[in-house]
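Below: the structure, in C-alpha cells.
There are 2 protein chains.
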Amino acid sequence: MRPAKCKRMNEPSTRNPTLDDVAALASVSTATVSRYLNNPKVVAAATAERIREAIAQTGYIPNMLAGGLASSKSKMVSVLIPHLTDSIFNDTIQTMAEELAGAGTTVMLGLTGVAPERTDEMILAAMGRRVDAIISTAPLGPQTRELVERFPGLFIQIWELPEDPPGIAVGFSHRDVGRDVARFLQTRGYRRPLLVTAEGTRARIRSDGFVEEWQALGGGDVAQAQVDIPSRFGHARRIFADMRRMAELPDVVVCGSDYLAQGLIVEAQAAGLRVPDQLAVMGFGNSALAGAMRPTITTVDIDGSRIAREAIAAIRHHATGAPPIARSIDVGFRLIERESA
Amino acid sequence: MRPAKCKRMNEPSTRNPTLDDVAALASVSTATVSRYLNNPKVVAAATAERIREAIAQTGYIPNMLAGGLASSKSKMVSVLIPHLTDSIFNDTIQTMAEELAGAGTTVMLGLTGVAPERTDEMILAAMGRRVDAIISTAPLGPQTRELVERFPGLFIQIWELPEDPPGIAVGFSHRDVGRDVARFLQTRGYRRPLLVTAEGTRARIRSDGFVEEWQALGGGDVAQAQVDIPSRFGHARRIFADMRRMAELPDVVVCGSDYLAQGLIVEAQAAGLRVPDQLAVMGFGNSALAGAMRPTITTVDIDGSRIAREAIAAIRHHATGAPPIARSIDVGFRLIERESA
DNA sequence: TGAGGTAATGCAAGCGCTATCAATCACGAC
DNA sequence: GTCGTGATTGATAGCGCTTGCATTACCTCA
C-alpha cells in the first residue's frame, strides 16, 4: 500500500513531495521549512528565498493532516445547521466560509436535520477531526450539552442567546423579536393575529414573546398554527385553506419565514384578497425576495453576516489564548416596515 | 504545550483518551482496537464487547487527523461552489452532506466566488487536507486543470459535462437545455425572445444552444441581456426597465434562474402586463418558488439530488480501487410546462 | 499424532509534520 | 581578546493512528 521510497532518485517520484524533499532541495532542515511555512518572518531572507524556490520546484503541498496532528490545531471549523435549501442561515455560512478561507481555515459542513441525535453525531465527527471551533445553530439537549462540555475548542452557539451557553453565544433575543412585532402590529391597528410557526425552540420563543406582549398591551387571544420544518412555500397553501375555515379570519398573519409569508401572499391574492388591506402578512428573516416581491414584505432583518463576523472574531480571540471577552454577543435585529403589513 | 502524560493514574487525566488508553483498558493491543473501529467483523465477539465497554468508559473519540495521516484517507470530500445564498446547487450539497455523513465522511465547503484564482486556492486547500474527492461546479481554466491533474483522489465535475473532464463528470448538457427551450417556445408560438443570462460558461452554452436551435427552426434574431453573478431578484428591476426601452418588446423572456424569472414576473405585473399573455417568462432550476408562485413558473428541472447521489456512487466505486465505469454521467433535465410561458 | 488451515491478535515501523531544546554565528561592548 | 546577546538554524522526540508481517491458538483431516 505504501509507495516505495526512492530516496536517491533525482527524478521526482510519483509520491507526493514532503517537507523532507523541500528541505533537502533547499539545503536546510525540515524545521526551518516548517517555520517558513508557519511564521515566515523568523527565517532569514536568503533562506526563505531558497525555500520558496524549492517549494515551487517540487510542487510541494503541505499535508495538513500531519500538521494538525502534530500541532493539535486543525484549522477547521465545524458549522452545524439544520438544512441548506432556502435556509435562513445561508448568509452566515457564506460569510463564515469566505472570511475563514482568507485565513487558511476551512468550514466543515454539518447538517443536523430535525432529529436531535444527528446533532450529537455531527459534534462527535467535528471533535474527531479536532476542529478549532464548533459553530452551531442547534439548540442543545442535555446529552449534547454534556458532549460539548468535553470539547476542547471553542463552542459558539449562533442565532440565539441562551441563558447559560456552553462556550459563547452570538445572536439576538427571539423573545424581543416577538415582543417588538406584537407592539408594531398593534400600533398599526391589527386586532386578530395568526401566528404561523415551524416547530423548534427559537420559533416558540418568538411566539411566546409575541403573545406575552400582545396581551400585555390589551390584545385578545392569539391564534396559532404549526408548519413542518423546514418552513417552505408548499405549506402556505394548506395554511391558507385552514385559515379560511376559521370562524373569524385573521387580519394579519405572522409567519416564521419570508418564504412562508410570500407563499401566503400569493395564495391570498389568488383568492382575491387584497394584501395588506384585507389580509396583512409579516415575514421573518429579510431574505432577498422580501424586498423584491409586490407587495414588498414587512419583516425582521437579522444581519447574518455580522453573526459570522462576530463568531470569527471570537475564534481569533480564543486562538490567542486570552479568556473570552463576553459570553454573549447580541447583534440585535431590525423590524423592516414595508408594504405587506 | 503538550499536556503532561500521567500513565499510571487511575483518574482520567485532562488529556483526551487515545487508542492506547482504550487498548490498555480492554487488555488488547492498539492494533485490535483500530481493527474494531474500522472493520468490526474481524475481531472476536468477546473482544469486541470488551473494547466497546472500554470506549464507553473512557469516552474515547478517534482522532481522525491521526487516522487520516496513517491511512492517507481523510474521509473528507471538498465541495466547490461559487456561493451559497439562493444557490441552485444547494440541493446537491444538501444531499451530498446528508448521504456522506451516514458513511462517516464530511463535506468541506469551498466557496470559489467569481474570481477563478479562488478556485485554485480552494483546490490547494482540499489537496492539503488530503480529501478523498473534490466535487466542483467551477469550470476549469488551464492552470487549475494542471493542478487537478496532480490530485491523487477523485475529481468530479458536476452540473456540466465537458468534453474531456479531468476525472469524471456528472451533469447534463447545457446546450441541449438551450435547444429544447428554443424548440418549446417556438412551438408555443413565441416570436421575439429575450435571453437574460448571468455571465459564466454554462449560461453561455445554454444561450448558444438556444440561438442555434432557434435560428435553425427559422426564428429570427435573439435579443440578449446580461446580469451579474449571482443572478438575483434585484436585477429584475433593471432588466425590466431596460426592456421597456427596446424598440419592440419581447414576447418571452428566458431567464438564467427562477429567482430572476420571479422578479421579472413581479415587475411585469406591477407594470400592468398580464403574464404570460402580454409577456411570458421562463425560468431555470425549478426552485421551490417556481411551483408556488402565481403564475407558476415554466422552467427546467435539474435533479440536483441525483447529481449528488451519482457523485457519491462514483466516490464509493473509486474507493474500491476499481477503474471508473464511466467518465461522464448524464442525469438529463426536464422541461416543466407551467403557467408563465 | 502431526501436517495444514484459518481465525484472532500482537509487534513495531512508519504517516509528515511541529515544537522543544541546544548549537552556532555574527557583533559589539567591556 | 572575551563574553553576553539576539538572530538563525539543526537535531529529534513525539502527535495518535494504520497495517504488513509474525505469532499464537484452535480446528480439521489424513
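From first to last, the protein sequence lines are chains W and H. Everything in the first sequence is counted per my numbering, starting at 1 for the first residue and increasing by one. Everything in the second sequence is counted per my numbering, starting at 342 for the first residue and increasing by one. Every residue, glycine too, gets a C-beta built ideally from N, C-alpha and C.
Does residue i have its Cβ less than 8 Å from a Cβ in chain H?
i        : result
Gln269/W : yes
Ala138/W : no
Arg130/W : yes
Arg238/W : no
Thr197/W : no
Glu98/W  : yes
Pro142/W : no
His83/W  : yes
Ala101/W : yes
Ile93/W  : yes
Asn90/W  : yes
Ser74/W  : yes
Ala308/W : no
Val127/W : With the sequence shown as reference, residue 127/W is identified as Met, and Val is not the correct amino acid for it. Yes - at least one Cβ of chain H is within 8 Å of the one on Met127/W.
Let me check one thing: in DSSP terms, what residues is residue i bridge-paired to?
i        : result
Ser558/H : Going by the sequence as given, residue 558/H is Leu instead of Ser. Bridge partners of Leu558/H: none, in fact.
Gly171/W : Asp330/W
Leu195/W : Gln224/W and Val254/W
Thr640/H : Ile677/H
Met295/H : An answer regarding residue 295/H cannot be provided, because it is not within the stretch 342 to 682 covered by chain H.
Val607/H : Val607/H is not bridged to any residue.
State the CB to CB distance for the pair residue i and residue j, rounded to an integer number of angstroms; the pair is presumed to be in contact (CB under 8 Å).
i        : j        : result
Leu80/W  : Thr112/W : 5 Å
Ser646/H : Asp432/H : 5 Å
Val254/W : Phe210/W : 7 Å
Thr447/H : Arg129/W : 7 Å
Met417/H : Met449/H : 5 Å
Gly632/H : Ile643/H : Not quite, the Cβ-Cβ distance comes to about 14 Å (not below 8 Å), so this is no contact.
Gly512/H : Ile648/H : 7 Å
Val300/W : Leu264/W : The Cβ separation is near 16 Å, so there is no contact.
Asp703/H : Gln498/H : Coverage of chain H is limited to positions 342 through 682, which leaves residue 703/H absent and any answer about it impossible.
Phe492/H : Ile475/H : 6 Å
Gln610/H : Arg294/W : 7 Å
Val131/W : Gly153/W : 6 Å
If we ignore side chains and look at the alpha-carbon of each, how far apart do residue i and residue j end up?
i        : j        : result
Gly256/W : Arg316/W : 33 Å
Gln215/W : Thr197/W : 19 Å
Arg188/W : Glu160/W : 28 Å
Ala44/W  : Gln567/H : 51 Å
Ala741/H : Glu339/W : Summary: the structure shown does not reach residue 741/H, with chain H confined to residues 342 through 682, and so no result is reported for it.
Ala241/W : Leu194/W : 14 Å
Glu117/W : Asp21/W  : 45 Å
Ala223/W : Asp251/W : 11 Å
Ala397/H : Ser415/H : 24 Å
Ser428/H : Ser27/W  : 48 Å
Ala652/H : Gly662/H : 16 Å
Val266/W : Thr296/W : 12 Å
Ile123/W : Ile402/H : 11 Å
Val489/H : Asn379/H : 29 Å
Leu25/W  : Thr371/H : 37 Å
At a Cβ threshold of 8 Å, is residue i touching chain W?
i        : result
Arg491/H : yes
Asn380/H : no
His659/H : no
Gly409/H : yes
Pro403/H : yes
Val448/H : yes
Ala395/H : no
Under a three-way DSSP split, which group does residue i fall into?
i        : result
Arg343/H : With a pLDDT of only 37 at Arg343/H, under 50, the local geometry of the prediction cannot be trusted, and no value is derived from it.
Ile648/H : helix
Gln94/W  : helix
Ala474/H : strand
Val281/W : strand
Ile653/H : helix
Phe155/W : strand
Ala693/H : Because chain H is modelled from 342 through 682, residue 693/H falls outside the range shown and cannot be assessed.
Gly408/H : helix
Ile61/W  : coil
Val616/H : coil
Ile88/W  : coil
Gly443/H : helix
Ile205/W : helix
Gly469/H : helix
Check whether the Cβ of residue i lies closer than 7 Å to any heavy atom of the ligand ZN, and answer yes or no.
i        : result
Pro665/H : Within the structure as shown, the ligand ZN is missing, as the structure has no ligands at all.
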